[in-house]
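Asks: To start, I am sharing the structure in question, which I have written as structure tokens.
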């Protein structure tokens, strides 16, 4: 793979991500405004896609907030949630279990939950019909291994529906924070590089688009609080361990204050959405071409 989508100087501390998202399980839902809005838009895209999945994987399911919409749209499908942070799954299993059982009476069963890494999924080849991934890919420095796993576990004609964050995400904060001692804001993968990775992973006909959402905050502290409570603080291995004293914070606050509009500070989020299909294979696992023969029509 080309390193365009995974810069050689950008790596993430996976153990720190697991720790932070685990710690954020208790507070994630109260600050997950962006994730809920993106999920709503992803669900709307399914209005235009013809698929009747038998088994759905919500990859990076967090506290399970997307289960209800998936169950409502596909009441006959088996739902599975996977996340690498066990406390998130505990939250999904605890808070949503009774509510989910009551709502699913006469419809689909409650989701099964699995603690797993996106790059090593514990599912059999071609065992899933739909992989739903809401804002997971942006937590991978290199998305290709995870995309290959998603392709592997999907059945032929299975669908990947995903969203991610693009490079302009938090551009105001990135510009305001001093960058002399390390990378202070997480990097995000460009839509075109993500499209290239999808093709390299084996997906066909990827359809992608980008839009910009702007959230507003009363001040810098509120923005940083939301990032912390959602587990979304920078996890780059090149991150500095603090600003350059009080002067660094003061400079950042002054830079952001210049952007204030109608009493609020803006924070940009570039949202990349897309879907792609697992097409009929053209080669076998050992590289041999797959030949398809159609029965000859018999004319009476």
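Numbering (the working numbering), first residue to last: 104 to 403.
Think of the CB as a built atom: it goes at the ideal place given N, C-alpha and C, for glycine as much as any other residue.
On a predicted model such as this, the values are computed, not experimentally measured, just so you know.
(1) Under 8 Å between the Cβ atoms of residue 138 and residue 193?
(2) Using the C-alpha atoms, what's the distance from residue 121 back to residue 444?
(3) In this structure, what does DSSP give as the bridge partners for residue 372?
(4) To the nearest angstrom, how far is it from the Cα of residue 327 to the Cα of residue 131?
(5) Between which two residues does the beta strand (DSSP E) carrying residue 182 extend?
(6) Quick one: Cα of residue 382 to Cα of residue 228, how far?
(7) Please state the DSSP three-state secondary structure of residue 281.
(8) Could you tell me whether the Cβ atoms of residue 265 and residue 377 are closer together than 8 Å?
(9) With which residues is residue 377 paired in a DSSP beta bridge?
(10) Is the beta carbon of residue 268 sitting closer than 8 Å to the one on residue 233?
(11) Nearest-angstrom Cα distance between residue 308 and residue 360?
(12) Is it buried or exposed, residue 156, if we count other Cβ atoms within 10 angstroms and call 16 or more buried?
(13) Between which two residues does the beta strand (DSSP E) holding residue 217 run?
(14) In the DSSP assignment, find the beta strand (DSSP E) that holds residue 158 and state where it starts and stops.
(15) State buried or exposed for residue 292, treating a residue as buried only when at least 16 other CB atoms are found within 10 Å of its CB.
(16) Using the Cα positions of residue 395 and residue 258, report the straight-line distance between them to the nearest angstrom.
(17) Note down, in chain order, each residue of its chain lying with its Cβ closer than 6 Å to the Cβ of residue 108, except the 5 sequence neighbours on either side.
(18) Tell me whether the beta-carbon of residue 404 lies closer than 8 Å to the beta-carbon of residue 277.
(19) Going by alpha carbons, who is nearest to residue 223 out of 246, 342, 213 and 340?
(20) With distances taken from CA atoms, which of 217, 179 and 212 is nearest residue 190?
(21) Measuring only the C-alpha atoms, how far is residue 353 from residue 325?
(22) Based on Cα-Cα distance, which residue from 134, 329, 225 and 334 lies nearest to residue 239?
(23) Could you check how far apart the C-beta atoms of residue 373 and residue 270 are, in whole angstroms? I think they sit under 8 Å.
(24) Should residue 125 and residue 195 be called a contact, given that it needs their Cβ atoms to be closer than 8 Å?
(25) Please say whether residue 172 and residue 142 have beta carbons closer to each other than 8 Å?
(26) Is residue 197 buried or exposed, if buried means 16 or more other CB atoms sit within 10 Å of its CB?
(27) For the beta strand (DSSP E) that residue 121 lies in, which residues bound it at each end?
(28) Rounding to the nearest angstrom, what Cα-Cα distance links residue 305 and residue 249 in this structure?
(29) Would you give the residue range spanned by the alpha helix (DSSP H) that residue 234 belongs to?
(30) With DSSP as the reference, label residue 325 as helix, strand or coil.
(31) Closest to residue 255 by C-alpha separation, out of 221, 241, 315 and 279, would be which residue?
(32) Considering only the beta carbon of each residue, do residue 279 and residue 370 sit closer than 8 Å?
Replies: Looking at the atomic coordinates:
(1) no
(2) This structure cannot speak to residue 444, because the chain is shown only from 104 to 403.
(3) 316
(4) 14 Å
(5) 181–186
(6) 14 Å
(7) coil
(8) yes
(9) 265 and 311
(10) no
(11) 44 Å
(12) buried
(13) 215–218
(14) 158–162
(15) buried
(16) Only weak support exists for where residue 395 lies, its pLDDT of 49 falling under 50; the coordinates are left without a value.
(17) Model confidence at residue 108 stands at a pLDDT of 46, short of 50, so the residue's coordinates are unreliable; what they give is reported in the following sentence. Here the set comprises 292, 296 and 300.
(18) Summary: the structure shown does not reach residue 404, with the chain confined to residues 104 through 403, and so no result is reported for it.
(19) 246
(20) 217
(21) 16 Å
(22) 334
(23) 7 Å
(24) no
(25) yes
(26) exposed
(27) That residue, residue 121, is in no beta strand (DSSP E); its alpha helix (DSSP H) goes 117–126.
(28) 12 Å
(29) Unbroken run through residue 234 is the beta strand (DSSP E), 231–237; no alpha helix (DSSP H).
(30) helix
(31) 221
(32) no
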